[in-house]
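What follows is one structure encoded as structure tokens, with my remarks underneath.
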Amino acid sequence: MPQKELRIGLVGYGFMGRTHSNGYKRANDFFDLAYRPVLKAVCGRNADKTKAFAEQWGYESTESDWKKLIARDDIDAVDICTPNDTHAEIAIAAAEAGKMILCEKPLARTTAESKPMVDAVEKAGVPNTVYYNYRRLPAVTLAKQIVDSGKLGKIFHYRANFLQDWTISEDLPQGGEGLWRLDAAAAGSGVTGDLLAHCIDTAMWLNGGISDVSAMTETFIKQREHVATGKKQEVTIDDACLFHCHFANGSLGLFESTRYARGHKALYTFEINGADASIRWDLHDLNRLEYFDHRDEGIVRGWRNIHVSDGDQPYMGNWWVPGLCVGYEHSFVHQIADFLKSLETGEACHPTFRDAYETAKVCDAVLASAKDRAWKDTGVEWAEK
Ligand SMILES: NC(=O)c1ccc[n+]([C@@H]2O[C@H](COP(=O)([O-])OP(=O)(O)OC[C@H]3O[C@@H](n4cnc5c(N)ncnc54)[C@H](O)[C@@H]3O)[C@@H](O)[C@H]2O)c1
Numbered sequence: 000m001p002q003k004e005l006r007i008g009l010v011g012y013g014f015m016g017r018t019h020s021n022g023y024k025r026a027n028d029f030f031d032l033a034y035r036p037v038l039k040a041v042c043g044r045n046a047d048k049t050k051a052f053a054e055q056w057g058y059e060s061t062e063s064d065w066k067k068l069i070a071r072d073d074i075d076a077v078d079i080c081t082p083n084d085t086h087a088e089i090a091i092a093a094a095e096a097g098k099m100i101l102c103e104k105p106l107a108r109t110t111a112e113s114k115p116m117v118d119a120v121e122k123a124g125v126p127n128t129v130y131y132n133y134r135r136l137p138a139v140t141l142a143k144q145i146v147d148s149g150k151l152g153k154i155f156h157y158r159a160n161f162l163q164d165w166t167i168s169e170d171l172p173q174g175g176e177g178l179w180r181l182d183a184a185a186a187g188s189g190v191t192g193d194l195l196a197h198c199i200d201t202a203m204w205l206n207g208g209i210s211d212v213s214a215m216t217e218t219f220i221k222q223r224e225h226v227a228t229g230k231k232q233e234v235t236i237d238d239a240c241l242f243h244c245h246f247a248n249g250s251l252g253l254f255e256s257t258r259y260a261r262g263h264k265a266l267y268t269f270e271i272n273g274a275d276a277s278i279r280w281d282l283h284d285l286n287r288l289e290y291f292d293h294r295d296e297g298i299v300r301g302w303r304n305i306h307v308s309d310g311d312q313p314y315m316g317n318w319w320v321p322g323l324c325v326g327y328e329h330s331f332v333h334q335i336a337d338f339l340k341s342l343e344t345g346e347a348c349h350p351t352f353r354d355a356y357e358t359a360k361v362c363d364a365v366l367a368s369a370k371d372r373a374w375k376d377t378g379v380e381w382a383e384k
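Per numbering that gives the first Met the number 0, residue 0 is the first one in the sequence shown, and the count goes up by one each step.
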């Protein structure tokens, strides 16, 4: 197929800068696409590190100011891989310059900051997507197919956890490279925007809109040294968050996230219970989907462990041979392949900025509920995606 270039300008070369760069390099090797990403420029504030990243990953050029990157005529799409406090300014400027935008999650720190981003991309009419990448792990996409097929019957329960343990030490400072997640000024919130946002995106994709929430949050370590000042400062992120909720379809949701669950590094799990069947998934065993069907014959009824690796299962026909697995990084390859495909078809690549804005509404309602110790309506408008 003749290919059109999609010239990428990447902002931020940390963890996500690497996963996205890998995705741009791999997508066309495995998917038949009309567009081919070209790694045109990477932008970072440290010239030496940016140059080293460009050499390692094959970017043609570097910039030290994202405004200059956006002003370039040879950039078609801006990819935002910087901390949450920078997303809005970069995205709005990129949209106004007519660039396509691929943005990391959460869309921004709050709904108030997110809304002008949605308005900007919709006014400019530029293709956009937000990297809620877990949707595109084959087992999670299969979960979506199973839910949409109606096999679960009427859904009663949705349960999700995202557990980590990396902030338990009191000596860990807040702020700066790598630790901006502990600084509310940069991150917006703690586990709610960082981890539960993923759980909420997947949940609403699989089970529809969340109507109202009741939450509790805790900040276990109240003060940490701030990298910028060298002084102990109040910690204002949520270290842990638990909430329950109603979905618009009448089912009940239960969500928990913490960075204080000793022994857990990135345990994202979800389970859905319907009248006829249930499914559950675990990021630590990401190629498997467990499925229980009450309609099975009694003597063999039980949880099936589906190894999602066959050619007729989502995305897997594009990879190796049946039975062989893919990994975490493939969720990004798939999102980029789907984004490139969306440019061919003219259809949106979900989750869009607008979808991510709905997730932000739930996050804000969760934090407000915890603060006021009261149920909060989310105001979510969730159509089938
Ligand atoms: N989809 C996912 O699963 C996932 C996973 C991790 C992080 N994220 C999101 O990705 C974003 C980045 O997180 P990360 O883990 O890659 O962080 P990181 O700290 O590893 O990298 C952030 C990068 O941004 C750079 N940066 C900061 N301010 C900048 C500026 N003004 N101009 C240019 N570069 C700047 C930093 O130097 C660094 O290179 C965050 O929004 C985060 O929530 C998403």
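C-beta: ideal position from N, C-alpha, C; glycine also.
- As DSSP reads the structure, residue 309 sits in no beta bridge.
- In this structure, residue 42 has its CB closer than 7 Å to one or more heavy atoms of ligand 1.
- Our two residues, residue 78 and residue 70, have alpha carbons roughly 14 Å apart in a direct line.
- By the criterion of at least three beta-carbon pairs nearer than 8 Å, the region 111-123 is in contact with the region 353-364.
- With respect to the C-alpha of residue 216, the residue from 375, 202, 366 having the closest C-alpha is 366.
- For the pair residue 248 and residue 381, the Cα-to-Cα distance works out to about 11 Å.
- Between the region 290-304 and the region 179-195, the count of Cβ pairs shorter than 8 Å is below three; the stretches do not touch.
- In this structure residue 210 touches residue 376 by the C-beta definition: roughly 7 Å separates them, less than 8 Å.
- Just so you know, the alpha carbons of residue 205 and residue 278 end up roughly 11 Å apart.
- When Cβ pairs closer than 8 Å are counted between the two stretches, the region 220-233 is seen not to touch the region 130-139, the count staying below three.
- Distance from the Cα of residue 152 is smallest, within the candidate group 268, 24, 318, 250, for 250.
- If you ignore the 5 residues before and after residue 140, its C-beta comes within less than 6 Å of the C-beta of 313, all in its own chain and listed in chain order.
- Taking the CA atoms as reference points, residue 161 sits about 28 Å from residue 322.
- Within the chosen limit of 7 Å, ligand 1 reaches the beta carbon of residue 83 through at least one heavy atom.
- Ranked by Cα distance from residue 46, the options 66, 242, 60, 364 are led by 60.
- Annotation: residue 268 is outside any alpha helix (DSSP H); the continuous beta strand (DSSP E) that includes it extends over 266-273.
- If you draw a straight line from the Cα of residue 166 to the Cα of residue 352, it comes to about 30 Å.
- In the three-state scheme derived from DSSP, where H, G and I count as helix and E and B as strand, residue 16 is classed as helix.
- Here residue 176 carries a coil assignment [DSSP, helix/strand/coil].
- The Cβ atoms of residue 213 and residue 368 sit closer than 8 Å to each other.
- Separation of residue 295 and residue 142 (C-alpha to C-alpha, rounded to the nearest whole angstrom) is 19 Å.
- Runs of the beta strand (DSSP E) lying entirely within the region 202-278 and spanning at least 3 residues, in chain order: 209-217, 222-224, 231-233, 239-246, 251-257, 266-273.
- By the criterion of a C-beta distance shorter than 8 Å, residue 378 is surrounded in its chain by 360, 364, once the five residues flanking it on both sides are discounted.
- Going by DSSP, residue 331 is part of the alpha helix (DSSP H) stretching over 328-344.
- Relative to the Cα of residue 29, the nearest Cα in the group 337, 86, 178, 252 belongs to 337.
- Secondary structure of residue 33 (DSSP, three-state): coil.
- When Cβ pairs closer than 8 Å are counted between the two stretches, the region 296-307 is seen not to touch the region 226-246, the count staying below three.
- Counting C-beta atoms within 10 angstroms of its own C-beta, residue 125 has 16 or more neighbours from the protein chains shown and is therefore classed as buried.
- Using a Cβ distance threshold of 8 Å, residue 68 and residue 86 do not count as a contacting pair.
- With respect to the C-alpha of residue 315, the residue from 328, 137, 267, 84 having the closest C-alpha is 137.
- Note that the C-beta distance between residue 75 and residue 6 is below 8 Å.
- If you look at residue 100, you'll find it in the beta strand (DSSP E) that goes 99-102.
- In the DSSP secondary-structure assignment, residue 59 is not bridged to any residue.
- Checking the 7 Å criterion, the Cβ of residue 176 is within range of a heavy atom belonging to ligand 1.
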